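So the sequence shown is numbered by this note's numbering: it starts at 128 and just counts up by one.
Structure first, then comments.
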Amino acid sequence: MNNLEKKSFYSFLGLYIVSSFLFLMLIGYWYYIAQKNALENEMHYKLQHITDVKSGDIIMSHMQGTVLEKMPVPKDVILALISSDGTIVDGKLILDKVPKKSGYFHKNGYEIFVSDAPREHLNIKYVVAQSNALVKELDALLSLVVRVMVIVALLLAIIAWVLSKLFMKPVRQKVEQIERFINDVTHELNTPITSLSMSTNLALKKGEYSEKTLKNISISTRQLYDIYSSLTYLNFSDKEEIDEVIDIAAVLEKSCHYYMPLCESKRMLMKVDLEPFTFKIPESQLKLLYGNLIGNAIKYSPANSTISLSIKDGIFSIKDEGIGIEASKQNMIFEKFKRSTEYSGGFGVGLSIVKSICDEYDIRIELKSILDKGTEFKLFFQ
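Next comes the structure, spelled out in structure tokens:
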């Protein structure tokens, strides 16, 4: 990854992890508080129930004149009976001082419930139930929540890393496409610019312009213009153009004339058989459509070969004797920045432009290609 990709990757990863951890901490805190309240309420009602049962035993023993028996209580609960004069009649009191009123409170890590339900029967004023089990339960709960949060945090970190990689994959592919596109465009520009430079330098040295020099300059400028047209379409393809009814055969004839010098420079023959046919499309779009197909045919065909172009019954056909296209790659050649071969350069936008224009004006495309024998494109303007 380059520096920009690394920055994007770690920015996404950091944002995902921080937001996930904050959300996780919020959930963990909410869960702990909810469970803590539930445990506190459970302890409150547990101690209250014990004191109520004990108070009932005291009242029944007093009314029946029987001896007050020991009441079994849970191991984590300490019971104490306080007389009317404030002395401990039975059990053990955790508090430093004898309580002076009933209620539920916390003291020295214990939950304490003081009940005055006995109403001084058997001279007992308060029943006190005490337990430190809640502190232990809360400690265990906190430990559990922390352990679970740590495990989930690790899982989230792993998921964040995987998602970041998946997130960056299409970005990386797009960056590679753009880098390859820039390299290809640079290479494509280099050929006509070098030819122009050499031709003009030669003319300046000789002090005159030969027909060959002018022809080289013409071919180079047309190559530059083709590159410019393709790049302009890519950047401003959403610009609206006025449709007009035109003779597609007449436009093709102009395009053939335009590319004839390039064809002659490669000692190639261009056969043209045209019938007039009208279609509603901007002329500039049609020229770009023809130009990319003719330019590709010239580019990917060997010297001394023939390019055949025809329009009959609204069907445009262009057939070359070039390198052909592998069957496995024929479905992807219309995608932007995709190339079926490294032969003779190019930057992978010509056929994507052709497909885009055809889709816009409902022109059907057919492709037939045999490797090392040639390629034929048919456009149906009906």
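No residue lacks a Cβ here, since even glycine has one placed at the ideal position from N, Cα and C.
Every value quoted in this text rests on a predicted model; they were computed, and no experiment measured them.
Item                                                                                                                                                                       : Value
Could you tell me which whole alpha helix (DSSP H) segments of length 4 or greater appear in the stretch 370-424?                                                          : 375-392
Go through its chain and collect everything with a Cβ distance to Asp353's Cβ below 7 Å, but skip five positions before and after it.                                      : Gly418 and Gly422
For Ser437, which of helix, strand or coil comes out of DSSP?                                                                                                              : strand
Measure the alpha-carbon distance for Asp203 versus Ala256 and round it to whole angstroms.                                                                                : 10 Å
Take Ser229 as the anchor and find which of Asn235, Leu222 and Val241 has the nearest alpha-carbon.                                                                        : Val241
Considering Cα atoms alone, identify which of Glu391, Ile425, Lys332 and Asp374 is closest to Lys342.                                                                      : Glu391
Within the same chain, show all residues whose beta-carbon is closer than 8 Å to that of Glu380, passing over the 5 residues directly before and after it, in chain order. : Val399 and Leu401
Please return the same chain residues whose Cβ sits closer than 7 Å to the Cβ of Lys414, not counting the five positions on each side in sequence.                         : Val378 and Ser382
In chain order, which continuous runs of the beta strand (DSSP E) of length 3 or greater are located wholly inside the stretch 176-245?                                    : 205-210, 215-218, 230-234 and 237-242
For chain C, find out if any of its Cβ atoms is closer than 9 Å to the Cβ of Asp440; answer yes or no.                                                                     : Reference to chain C is not applicable here, since this structure consists of a single protein chain.
Could you spell out where the beta strand (DSSP E) holding Ser496 opens and where it closes?                                                                               : Arg491 to Ile497
Measuring only the C-alpha atoms, how far is Leu195 from Pro201?                                                                                                           : 19 Å
Could you check which residue in Pro199, Met198, Gln175 and Ala267 has the C-alpha nearest to that of Asp243?                                                              : Gln175
To the nearest angstrom, report how far apart Thr214 and Gly192 are at their CA atoms.                                                                                     : 22 Å
For Leu153, tell me which candidate among Ala280, Ile177 and Ile209 has the shortest Cα-Cα distance.                                                                       : Ala280
Between the C-alpha atoms of Ile375 and Lys332, what's the straight-line distance to the nearest angstrom?                                                                 : 44 Å
Sorted by chain position, which residues of the same chain lie with C-beta nearer than 7 Å to Lys252's C-beta, five sequence neighbours on each side aside?                : Ile209, Ser210, Ser211, Asp243 and Pro245
How about Glu247 and Leu166: are their beta carbons less than 9 Å apart?                                                                                                   : no
Note down the Cα distance separating Pro297 from Phe136, rounded to an integer number of angstroms.                                                                        : 12 Å
With H, G and I counted as helix, E and B as strand and the rest as coil, what does DSSP make of Gly451?                                                                   : coil
How many whole angstroms separate the CB atoms of Gly542 and Ala424, which I take to be in contact at a CB cut-off of 8 Å?                                                 : Past the edges of the chain, shown from 128 to 509, lies residue 542, and the structure says nothing about it.
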